[in-house]
Amino acid sequence: MTVPVQGTSRRVIKSGDGNQEAAGFPNGPAFEPYGFLLDLVTDADSEAASLRRLAVAASVALTQAMGVQVDCTAMLVAGHRAPIRAANNGRAAGLGYLEQELDDGPLAQAAAADTPVVVEGAAASLRWRAYQRRFLDAGYGEVVAVPLRLDPGTTAALAFFAPLDVRFDADAVSHARWFARVASQSLKLALEVRSVRSAGDNLKTLLESRTSIDVACGVIMGRNRCSYSDAFGMLASASSHRNKQVREVAEGLLKNLPNGTPGTRFEL
Numbered sequence: 172m173t174v175p176v177q178g179t180s181r182r183v184i185k186s187g188d189g190n191q192e193a194a195g196f197p198n199g200p201a202f203e204p205y206g207f208l209l210d211l212v213t214d215a216d217s218e219a220a221s222l223r224r225l226a227v228a229a230s231v232a233l234t235q236a237m238g239v240q241v242d243c244t245a246m247l248v249a250g251h252r253a254p255i256r257a258a259n260n261g262r263a264a265g266l267g268y269l270e271q272e273l274d275d276g277p278l279a280q281a282a283a284a285d286t287p288v289v290v291e292g293a294a295a296s297l298r299w300r301a302y303q304r305r306f307l308d309a310g311y312g313e314v315v316a317v318p319l320r321l322d323p324g325t326t327a328a329l330a331f332f333a334p335l336d337v338r339f340d341a342d343a344v345s346h347a348r349w350f351a352r353v354a355s356q357s358l359k360l361a362l363e364v365r366s367v368r369s370a371g372d373n374l375k376t377l378l379e380s381r382t383s384i385d386v387a388c389g390v391i392m393g394r395n396r397c398s399y400s401d402a403f404g405m406l407a408s409a410s411s412h413r414n415k416q417v418r419e420v421a422e423g424l425l426k427n428l429p430n431g432t433p434g435t436r437f438e439l
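And the structure:
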């Protein structure tokens, strides 16, 4: 159970056997996120999935550090694409999407200013009044957002939500920033790996498409005793008349061959 510590905003966790643990950095085994954050790369098949795993890991880290349930929302903005948001639960997710509704919020502010942003439940500035009402209604007492440092053109941030009677003291904010530094490296690696995989998939599709067109042109050249450019012109003309891509016309031709469509082979 938890009991308040007089003269401070922190609380103490008291276990069933009477042992106590300060609700700042735990006295027990330290949270080690490094292996868990590798799942951002190995077990996530999309940026949204990586972000969801990051939000869960962040929630676990701050919950263990403070001794109370701390929820988390993560936001990623890559290039000119719309922001991607994920959270460890529905309540936190709702506050993440509230920023889209308000066109402002601590996540966006932390990412833009590259500095932590704290929104207090008791004395929020005029800027945060609408946001403050919503997170208080959701059962949270304070919010701290910290930026993640990624490659140029890509920004990200984490927002942590404390229960109504808990505040983020200097230790908690320090722990959130420490976690963000660790998470930045893992998320950066996840995005790089996914970019390489995507480029490889696109190249494979392009090569397969080109192979189908080249083989189809070869078939046309053999049948009509014409040049490659004439054969490609025939495919292009059929593509225009049928309102299909040249690749689709080529693949349709190859499917009608006696032995079916030739397999694609890539050799180095």
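If you number the sequence shown the way my numbering does, the last residue is 439 and the count never jumps. Virtual Cβ for every residue (Gly too), placed ideally from N, Cα, C.
The alpha-carbon separation between Leu266 and Arg304 amounts to approximately 11 Å.
Contact between the stretch 231-250 and the stretch 285-295 is absent: fewer than 3 CB-CB pairs across the two stretches fall below 8 Å. CA-CA distance, Val386 to Ala229, rounds to 52 Å. Straight through space, the alpha carbons of Leu297 and Asp285 are spaced by roughly 21 Å. When secondary structure is reduced to three states using DSSP, Arg256 falls in the strand class. Within the same chain, and ignoring the five residues on either side of Thr234 in sequence, the residues whose Cβ sits closer than 8 Å to its Cβ are Gln240 and Val241. One thing to note: Phe339 has its Cβ no nearer than 8 Å to the Cβ of Ala263.
Leaving aside the five residues that flank Ala343 on each side, the residues in its chain whose CB is nearer than 6 Å to its CB run, in chain order, Met237.
Arg320 is bridged by DSSP to Thr326.
Cβ neighbours of Ala249 within its own chain (closer than 6 Å, five residues either side excluded): Thr325. The beta carbons of Pro254 and Val314 sit no closer together than 8 Å.
Annotation: the continuous alpha helix (DSSP H) that includes Ala263 extends over Gly261 to Leu273.
Taking C-beta atoms as the reference points, Leu358 and Leu319 count as a pair closer than 8 Å. The alpha-carbon of Arg381 is positioned some 27 Å away from that of Ser217. The continuous stretches of alpha helix (DSSP H) do not include Thr286, and DSSP gives it neither H nor E. Residue pairing for Glu313: DSSP places it in a beta bridge opposite Glu291 and Ala333. Annotation for Asp308: the continuous alpha helix (DSSP H) segment containing it runs Arg300 to Asp308. Taking the Cα positions, Arg396 is about 20 Å away from Val417. With fewer than 16 other CB atoms across the displayed protein chains lying within 10 angstroms of its CB, Ser400 is exposed. Taking C-beta atoms under 8 Å as the contact rule, Gln280 and Ala316 qualify, at a distance of about 7 Å. Measuring C-alpha to C-alpha distances from Leu222 to each of Arg300, Val337, Trp299 and Ala354 identifies Ala354 as the nearest. Looking at the DSSP output, Val248 sits in a beta bridge with Thr326.
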